[in-house]
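Notes follow the structure.
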Amino acid sequence: MQRVWVFLFFLGPVSCNFLDSKEKRTQDLINTELREMDWNSVDSYPLFLECDETATKEAQKQCFAQQLTTHFENTLREFEFTIDSDHSAIVDVIFVIDAKGKISVEDIIKDAAILKQMPEFDGIITQSLKNIPPIAPALKRGIPVKTKFKIPVQLNTK
1285 MQRVWVFLFF
1295 LGPVSCNFLD
1305 SKEKRTQDLI
1315 NTELREMDWN
1325 SVDSYPLFLE
1335 CDETATKEAQ
1345 KQCFAQQLTT
1355 HFENTLREFE
1365 FTIDSDHSAI
1375 VDVIFVIDAK
1385 GKISVEDIIK
1395 DAAILKQMPE
1405 FDGIITQSLK
1415 NIPPIAPALK
1425 RGIPVKTKFK
1435 IPVQLNTK
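Numbering (our numbering), first residue to last: 1285 to 1442.
Quick look at the structure:
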């Protein structure tokens, strides 16, 4: 009789793990991965067609920034943004590239003097970004993700 009790005693605690469903274990694993993931960085930056997707992350970042700046400068070159101000004439354009590569302006941070002197400024900036060449979205673990960027625009002052 003692052997039966000893056998049942050892079988009981070992079999508890087998009672957990496969789905619950999978969900626990996913939750652990999500908690440990660095959500403030991407594995690869958004890319223009001219950028090399096999390049290092830093090279991708530089190519993206250079292509974006070049496009922005070429588009805005036809406009002369000059304001009368003693303040710093730097405007921060905050934009988002979604998981499909579509770009949209989230905010344009500027001094009230800029808004007063150039009320059409926001529209010009927004249109400039909408005319940008196609962009492949950033990737996180091989999945396209939304990313937010800020680009400063220096305005001429009189």
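Note that beta-carbon positions come from the ideal geometry of N, C-alpha and C, so glycine has one too.
Keep in mind that this is a model prediction, so the values were computed, not measured.
Annotated as proximal: Phe1332 and Pro1417, with beta-carbon spacing under 7 Å. The C-beta separation of Phe1433 from Phe1363 comes to about 21 Å, leaving the pair out of contact by the 8 Å criterion.
Burial check for Thr1431: the Cβ neighbour count within 10 Å reaches 16 or more, so the residue is buried.
The beta carbon of Gln1344 lies closer than 8 Å to those of Ser1328, Tyr1329, Leu1331, Cys1335, Asp1336 and Glu1337 in the same chain, with the five residues before and after it left out. Counting only runs of 3 or more residues that sit fully inside the segment 1352-1424, the beta strand (DSSP E) segments are 1374-1381, 1387-1393 and 1422-1424, in chain order.
Collapsing the DSSP output to three states places Thr1310 in a helix. With contacts defined as CB atoms closer than 7 Å, Ala1383 and Val1429 qualify as a contacting pair.
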